[in-house]
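Everything on this sheet refers to the single structure shown next.
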Amino acid sequence: MLHRRFSAVLEHWPGESFRAKFFDPQIPNGFLTFERDDSGKVSGIKLDFPPLLDVDFSELEIRRKNESVFRSLVTAY
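For the sequence shown, the residue numbers in the working numbering are 69 to 145.
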């Protein structure tokens, strides 16, 4: 399910970065960067967005869960 207010188009920037252009003009555009582990797999996402009201995206720590967590939730992926 998409959240109308926080829906954005991701535009590729150099390296592992993307600019998020939100459909809602009241939400400022920002950047997200994929972080990789030593084996090259995506391990997390770093967010770089201007402060928005009471939301501070820099407080979020987005990390990849262990594969076994996903397997316990679905039969195949």
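For every residue, glycine included, the Cβ atom is placed at its ideal position computed from N, Cα and C.
Residue i by DSSP, collapsed to three states: which one?
i: ARG87; result: strand
i: SER111; result: strand
i: PHE117; result: coil
i: PHE74; result: coil
i: MET69; result: Only weak support is given to the placement of MET69: the predicted model assigns it a pLDDT of 42, under 50, and the value that follows is read from those uncertain coordinates. DSSP places MET69 in coil when its eight states are reduced to three.
i: TRP81; result: coil
i: LEU100; result: strand
i: ARG139; result: helix
Please tell me whether residue i and residue j are closer than 8 Å, where the distance is taken between their beta carbons.
i: SER126; j: LEU141; result: no
i: PHE91; j: ASN97; result: no
i: GLY112; j: ARG132; result: yes
i: PHE180; j: ALA88; result: Since the displayed the chain opens at 69 and closes at 145, residue 180 lies outside it and no answer follows.
i: PHE86; j: HIS80; result: yes
i: LEU120; j: ILE95; result: yes
Pick from the options: whose alpha carbon is nearest that of residue i?
i: GLY108; options: SER136, GLU84, GLU129; result: GLU84
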